Amino acid sequence: GTGDAASEPPDDAATGTGSPDAGDPPPGFVTQDDEEGFRIAVPEEWGVRTRDTGGVFYKPFGSGELLQVFRVSEP
């Protein structure tokens, strides 16, 4: 090449080959099939799951972070 990035052809590795299979979570994540009828990918270390009237909570061990999933109903 000429050294000019604009004139260089794109690197095949940088362009990718398409989207991953919708059933496969990203690296470091696991898919949870919840009994409430949804599927979600959460980090592997997020093994604590609780339920209450506020929805379903996914949390990592020993951390204050959480992911809350709840149903929204229209009036």
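Residue 53 is where the sequence shown starts when you use my numbering, and the numbers rise one by one after that.
C-beta atoms are modelled at their ideal positions from N, C-alpha and C, and glycine is treated no differently.
Predicted, not measured: the structure shown is a model, and the values here were computed from it.
- Note on residue 108: 16 or more other CB atoms within 10 angstroms of its CB, so buried under the neighbour-count rule.
- Rounded to whole angstroms, residue 76 and residue 94 show a C-alpha spacing of 12 Å.
- The distance from the Cβ of residue 96 to that of residue 80 is about 6 Å, consistent with a contact at the 8 Å cut-off.
- Of 122, 83, 126 and 84, the smallest CA-CA separation from residue 104 is found for 122.
- If you draw a straight line from the Cα of residue 102 to the Cα of residue 118, it comes to about 10 Å.
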